[in-house]
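At position 181 of the sequence shown the residue is numbered 181 (UniProt numbering), and the sequence of numbers has no breaks.
All residues carry an ideal CB built from backbone N, CA and C; glycine is no exception.
Treat the numbers as computed from the prediction; the structure is a model and nothing was measured.
Let me begin by presenting the structure, written as structure tokens, before commenting on it.
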Amino acid sequence: MGRRRTDRRQHTARRDSRRGRGSRRRKRPHTRLLASVLTLGAFAGSGFLVVQQGTGASDETAAGDTLESTVSPAPSPSVPDSAAPSASPSVSAPASPSTSASSSPSATASPGKTPGENPEKKTEVPATGPGTFTTGRAGGETVGKGTIRTYRVQVEDGAGVSAGQAAREVAAILAHPRGWTNDGVSGFRPASSGTADLTVKIATPGTADALCGAAGLNTRGELNCSIGGTVVVNLRRWVLGSPQFSGPVSEYRALIINHEVGHSIGHGHETCPGPGRPAPAMMQQIKGLKGCVANAWPYDENGKYLGGPSVP
Numbered sequence: 001m002g003r004r005r006t007d008r009r010q011h012t013a014r015r016d017s018r019r020g021r022g023s024r025r026r027k028r029p030h031t032r033l034l035a036s037v038l039t040l041g042a043f044a045g046s047g048f049l050v051v052q053q054g055t056g057a058s059d060e061t062a063a064g065d066t067l068e069s070t071v072s073p074a075p076s077p078s079v080p081d082s083a084a085p086s087a088s089p090s091v092s093a094p095a096s097p098s099t100s101a102s103s104s105p106s107a108t109a110s111p112g113k114t115p116g117e118n119p120e121k122k123t124e125v126p127a128t129g130p131g132t133f134t135t136g137r138a139g140g141e142t143v144g145k146g147t148i149r150t151y152r153v154q155v156e157d158g159a160g161v162s163a164g165q166a167a168r169e170v171a172a173i174l175a176h177p178r179g180w181t182n183d184g185v186s187g188f189r190p191a192s193s194g195t196a197d198l199t200v201k202i203a204t205p206g207t208a209d210a211l212c213g214a215a216g217l218n219t220r221g222e223l224n225c226s227i228g229g230t231v232v233v234n235l236r237r238w239v240l241g242s243p244q245f246s247g248p249v250s251e252y253r254a255l256i257i258n259h260e261v262g263h264s265i266g267h268g269h270e271t272c273p274g275p276g277r278p279a280p281a282m283m284q285q286i287k288g289l290k291g292c293v294a295n296a297w298p299y300d301e302n303g304k305y306l307g308g309p310s311v312p
């Protein structure tokens, strides 16, 4: 009787022991699974930290990702968006110097050209010369009708002006449709030899002052004069024009010849006929236009005389 009870206790103990071992066996897989999850989480967290350090991100939002992002494969560092503004200076190469002439305006303002002066060529005008002259041969035919006056053109030696070229320019001015031949009583012809009714002398300022001064005229190194049959043209005016004349130098030369030849054929000084109207060729335009418009010719395109009130 006592042995049976002992056997039952031993059987019960062995059965309880087997149940305990079975229970422990069944609990081990859960323990291993939990360990695996913890290990994986640790590795993923390490990878997340490495990625964040590699990108150099300093924004706090980058460190606040959810848990899902930590267990996913670590993303590779992203390349900055090319459209994002860069704080570093541009490394593009500067444009090579252009060999073409700049089209923009110069950065320093150039002085405005003096009216009547040639902006392309500034000729040095000698103050004086030897007082000797070379005669230019223009050729050409008689122009106009009525009283025909012969003329010649001379240029002072050393003036730097071609006597032949000057003679051709004077011939063209005298033959111009708006010139003095329009009066119907005046004509001109180049002198072939001997004496001439008119002599146009282009002289340096010093020589012009001497020639005009001999007749009591003060030209001050600037002005022209007409003495009887001699027209003295100041070289400075022939080359540079006049500050009061807005046209080209070639046009101002026409005014010089028309004004001085006008004196030779009997015309006196005139003044401005009214604001905005053409200044008479016989007006001393170099002294001011008095409201008139600069004009080189005694007549307009329709043959009307462009005169004004007489001046003593």
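By how many angstroms is the C-alpha of A279 removed from the C-alpha of P298?
-> If you draw a straight line from the Cα of P298 to the Cα of A279, it is about 9 Å long.
Quick one: is E156 buried, meaning 16 or more other Cβ sit within 10 Å of its Cβ, or exposed?
-> Buried: at least 16 other Cβ atoms inside 10 Å.
Residue span of the alpha helix (DSSP H) that contains L198, given as start and end = According to the DSSP assignment, L198 belongs to no alpha helix (DSSP H) but to the beta strand (DSSP E) extending over 198-203.
Which residue from G164, A159, N302 puts its Cα closest to that of V153?
-> Minimum Cα distance to V153 is reached at G164.
Does the Cβ of A178 have 16 or more other Cβ atoms within 10 Å, making it buried, or fewer, making it exposed?
-> It should be noted that the sequence gives Arg, not Ala, for residue 178. Buried: at least 16 other Cβ atoms inside 10 Å.
Per DSSP, Y299 forms a beta bridge with which residues?
-> Its beta-bridge partners are Y305.
Cβ atoms of A159 and R137: under 9 Å apart, would you say?
-> Their beta carbons are not under 9 Å apart, which means R137 does not touch A159 by this criterion.
Bridge partner(s) assigned by DSSP for G187 | Note: G187 sits in a beta bridge opposite G144, I148.
When you compare only the Cα positions, how much space is there between S264 and T199?
-> S264 and T199: Cα-Cα distance of roughly 10 Å.
Exposure label - N218; buried when at least 16 CB within 10 Å | Flag for N218 reads exposed.
Where does P94 sit, in a helix, a strand or coil, going by DSSP?
-> The pLDDT assigned to P94 is 35, lower than 50, so where the model puts this residue is not dependable; a value taken from the coordinates is nonetheless given after this. DSSP places P94 in the coil class of the three-state scheme, outside both helix and strand.
Excluding sequence positions up to five away, which residues of its chain have a Cβ less than 8 Å from the Cβ of V161?
-> V155, I202, L235, W238, V239.
Looking only at its own chain, which residues have a Cβ that is under 6 Å from the Cβ of R277, when we skip the five neighbours before and after it?
-> Here the set comprises C292.
Alpha-carbon spacing of G194 relative to H269, whole angstroms | Put simply, the backbone Cα of G194 is about 31 Å away from that of H269.
Quick one: give me the first and last residue of the beta strand (DSSP E) that I257 is part of.
-> Boundaries around I257 are those of the alpha helix (DSSP H), 249-264, since no beta strand (DSSP E) includes it.
Return helix, strand or coil for V125, following the three-state DSSP convention.
-> Annotated three-state conformation of V125 is coil, per DSSP.
Out of I148, E260, G308, K304, which has the shortest C-alpha to C-alpha gap to V190?
-> The sequence given here has Pro at residue 190, not Val. Comparing Cα-Cα distances from P190 to each of I148, E260, G308, K304, the minimum goes to I148.
Under a three-way DSSP split, which group does C292 fall into?
-> Reduced to three states, the DSSP call for C292 is coil.
Taking P130 as the reference, give the member of A208, S192, G187 with the closest Cα.
-> Closest option to P130, Cα to Cα, is A208.
Could you tell me which of G262, P248, A196 sits nearest to N224, measuring between CA atoms?
-> With respect to the C-alpha of N224, the residue from G262, P248, A196 having the closest C-alpha is G262.
Please work out which residues of its chain come closer than 6 Å, Cβ to Cβ, to V125, disregarding the five sequence neighbours upstream and downstream, and give them in chain order.
-> Non-local beta-carbon contacts of V125 in its own chain, meaning distances under 6 Å to residues more than five positions away in sequence, involve L235, R236, V239 in chain order.
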